[in-house]
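S.K.: Numbering (my numbering), first residue to last: 22 to 573. So that we are looking at the same thing, I have put the structure below in structure tokens.
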Amino acid sequence: MSNLGANLHSVDWSHTKLAQFEKNFYVEDKRVATRSEREIEDFRRSKEIKAGRGIPRPVTTFEEAGFPEYLLTSIRAQGFKEPTPIQCQAWPMALSGRDVIAIAQTGSGKTISFALPAMLHINAQALLSPGDGPIALVLAPTRELAVQIQQECAKFGFFTSSNSRIRSCAIYGGAPKGPQIRDLQRGVEVIIATPGRLIDMLESGKTNLRRLTFLVMDEADRMLDMGFEPQIRKIVSQIRPDRQTLMFSATWPKDVQILANDFLRDMIQCNVGSMSTTAAHNIEQNIEVCSEFEKRNKLITHLERVSSENAKVLIFVATKRVADEITKFLRQDGWPALAIHGDKEQRERDWVLGEFKAGRSPILIATDVASRGLAVTEARPKPSVSFSNSQGSSSLVAFGRLDFASFSRGILGIGLTSSSWLIGLRALVSFSFKIFIDFYPDVGYVINYDFPNNCEDYVHRIGRTGRAGKKGTSFTYFTTENAKSARELIAILKDAKAIVPYELEEMAMLSGGGSKNRHNNGRGGSGRGGGRGGPSRFAQSDHGYGSRNGRW
């Protein structure tokens, strides 16, 4: 990536005439304004919100945020009962037009914290003209997170209101450029992008950032960990300096602080929870100290323990080779498991995620490519609407790109040819047919088959369960190879009031680093490879699955 962006020259904004734009849309609700300082302090303490002076007061309900009725209707339709702590504080900050730093753990609702203010910001600007680039840009570290954010934008902007006509697209590597270029050429108000692919599009003239006034850097710490700082700086050099910038991060290390000081002006900051590496308290953490040899048997034991719940299980491993080995081992033993890692093509990755989301393969083995931003929710319609059983249609509906003929066949069960789609569309509009896509967080268990390289990644891994305040459970296999992380892991467990195994404390006292033993060869251990009979552990009879060993 060393030459990426070499042809992208910085803009001299001091000699550029900039059009005025509006970015302050916040009017404090009377209910918020009349609360005493003691009430505000008590609320922030109860939600673990830390904010400095001069920060707008937090809201406690969606109505207090001042969102227009069409957004409130969407929020209610999707079943949200109350804002998360980061949303309570970040919405007034973002809507006020200030540059914002928000530190909160993975799974805390950060996406909606910037997506809804972005929507109001875009609706207040002049319409795009041919050749214009986006008004809002969200930078994300991985393609999985970019797609997830795009789905959230589509959920609030595409289906929910005739008053809001916001188009969005996700730009990321590992996928064909053609469809992404076509989206950009049609014009989009929001781009969600990984830094490398966006620079590629900018250098080739497929888009520009001249109209951009709303910039979001999501998971800024992760982007820096992945070495994207030079690309981020190249991109920001193409954006007018009086933009509004929002930076979201799970941690607040020195390099993120430097980036914030360089890019944000007159910024305000809020933190939810601890700024050190901590795990969500709604996740039950189970640590099992073992040898590499014991891991496979422990994995089977835990899968058998949770199989009656029909819950989705996300298993993290250290390498692509181990991911494939464990997947093969589980499938030979009759478990409905699939793997996702960086060596798989984008089409296969999408198919695997679709099978996992739909519950047809409720066990997913992943490398750290999926530890942050992995969209593990499925688009589910309201009971009155039935979709086609293919994952392709549900994901395309979430993106708002589904061909009308196939769409209507899926939801209405009618045979409509592509040539007659316009007639059908008019009929559909005349009936004021509304569709709401309901995303639900349903990963019940995370299993760390291999402990990650650091505790920060451990926290992000287990953060795939217990989303949106729901309860989650994690199991982690900890070997002597991981001893260097023992002390920090103990601190995380104690902070969450989780059980600390005696063996882990002993390891922390005896060793500051890992040591190899004859079992630690980077593989799964022995375990059983033959298929076994019996009833299905993940019964999915409605999908029509069956097999010779009964589990499928």
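Ideal placement from N, C-alpha and C gives every residue a C-beta, glycine not left out.
1. What's the call for residue 27, buried or exposed, on a 16-neighbour Cβ count within 10 Å?
2. Cα-Cα, which of 305, 219, 227 is closest to residue 516?
3. By the DSSP assignment, the alpha helix (DSSP H) with residue 202 in it spans what residues?
4. In whole angstroms, what separates the C-alpha of residue 466 from that of residue 386?
5. Here's the rule: buried if 16 or more other CB atoms are within 10 angstroms of the residue's CB, otherwise exposed. What is residue 36?
6. Less than 8 angstroms between the beta carbons of residue 234 and residue 265, yes or no?
7. Just to confirm my understanding: we take residue 493, look at its own chain, exclude 5 residues before and 5 after, and list those with CB closer than 6 angstroms. What are they?
8. Would residue 287 pass as a contact of residue 119 if the rule is Cβ separation under 8 angstroms?
9. Around the C-beta of residue 105, are 16 or more other C-beta atoms found within 10 angstroms, so that it is buried, or is it exposed?
10. Any idea what DSSP makes of residue 132, helix, strand or coil?
11. Excluding the 5 residues preceding and the 5 following residue 75 in the sequence, name in chain order all residues of the same chain whose CB lies nearer than 8 angstroms to its CB.
12. Would you mind giving the Cβ-Cβ distance between residue 189 and residue 174, rounded to the nearest angstrom? I have them listed as a contact below 8 angstroms.
13. State the beta-bridge partners of residue 83 as determined by DSSP.
14. Figure out for me which residue from 481, 506, 263, 133 has the closest Cα to the Cα of residue 126.
15. Leaving aside the five residues before and after residue 270 along the sequence, list all residues of the same chain whose C-beta is less than 6 angstroms from its C-beta, in chain order.
16. Does residue 335 come out as helix, strand or coil in the three-state DSSP assignment?
17. Along the beta strand (DSSP E) that carries residue 238, what are the first and last residues, could you check?
18. Give me, in chain order, the residues of the same chain whose beta-carbon lies closer than 8 angstroms to that of residue 413; leave out the 5 immediate sequence neighbours on both sides.
19. My parser needs the beta strand (DSSP E) runs of 3 or more residues fully inside the stretch 202–284; what are they?
20. Check the Cβ-Cβ distances between residue 78 and every residue of chain C, and say whether any is below 8 angstroms.
21. Using the C-alpha atoms, what's the distance from residue 53 back to residue 232?
22. Going straight from the alpha carbon of residue 433 to that of residue 99, what length do you get?
23. Helix, strand or coil for residue 501 per DSSP?
24. With C-beta atoms as the reference, is residue 359 less than 8 angstroms away from residue 337?
25. Taking the alpha-carbon of residue 84 as reference, which of 177, 280, 112 has the nearest alpha-carbon?
26. Note down the Cα distance separating residue 228 from residue 217, rounded to an integer number of angstroms.
27. Using the Cα positions of residue 29 and residue 215, report the straight-line distance between them to the nearest angstrom.
28. On a CA-only basis, which of 321, 475, 331 is nearest residue 352? Give me that one, please.
29. Should residue 363 be labelled buried (16 or more other beta-carbon atoms within 10 Å of its own) or exposed?
30. Curious, which full-length alpha helix (DSSP H) runs of at least 4 residues does the stretch 341–391 contain?
31. Enumerated in chain order, which unbroken segments of the alpha helix (DSSP H) with a length of 4 residues or greater are wholly contained in the stretch 92–149?
32. Could you check which residue in 210, 171, 102 has the C-alpha nearest to that of residue 191?
33. Using only the alpha-carbon positions, how far apart do residue 334 and residue 44 sit?
34. Relative to the C-alpha of residue 60, which candidate in 80, 324, 463, 475 has its C-alpha closest?
35. To the nearest angstrom, how far is it from the Cα of residue 38 to the Cα of residue 31?
36. Relative to the alpha-carbon of residue 250, which residue among 262, 281, 272 has its alpha-carbon at the smallest distance?
M.R.: Based on what the coordinates show:
1. exposed
2. 305
3. 198–207
4. 12 angstroms
5. exposed
6. yes
7. 304, 486, 487
8. yes
9. A buried status is given to residue 105, since no fewer than 16 other beta-carbon atoms sit within 10 Å of its beta-carbon.
10. helix
11. Excluding sequence neighbours, residue 75 sits near 289.
12. The Cβ separation is near 4 angstroms, so the contact holds.
13. None, per the DSSP bridge assignment.
14. 481
15. Excluding sequence neighbours, residue 270 sits near 124, 241, 242, 277.
16. DSSP places residue 335 in strand when its eight states are reduced to three.
17. 235–238
18. Because residue 413 sits at a pLDDT of 32, beneath the cut-off of 50, its placement in the model cannot be relied upon, and the following sentence gives the value as read from the coordinates. Hits under 8 angstroms: 375.
19. 211–214, 235–238, 265–270
20. Absent here is chain C; the protein component of the structure consists of one chain.
21. Distance between the alpha carbons of residue 232 and residue 53 is about 34 angstroms.
22. Its pLDDT being 37, under 50, residue 433 is placed unreliably in this model, and the value from its coordinates should be taken loosely. Taking the straight line from one Cα to the other gives about 21 angstroms.
23. helix
24. no
25. Nearest option by C-alpha distance: 112.
26. 14 angstroms
27. 16 angstroms
28. 321
29. exposed
30. 341–353, 367–379
31. 106–116, 131–144
32. 171
33. 42 angstroms
34. 80
35. Each residue's CA atom was taken as its position, placing residue 38 and residue 31 some 16 angstroms apart.
36. Of the candidates 262, 281, 272, the one whose C-alpha sits nearest the C-alpha of residue 250 is 281.
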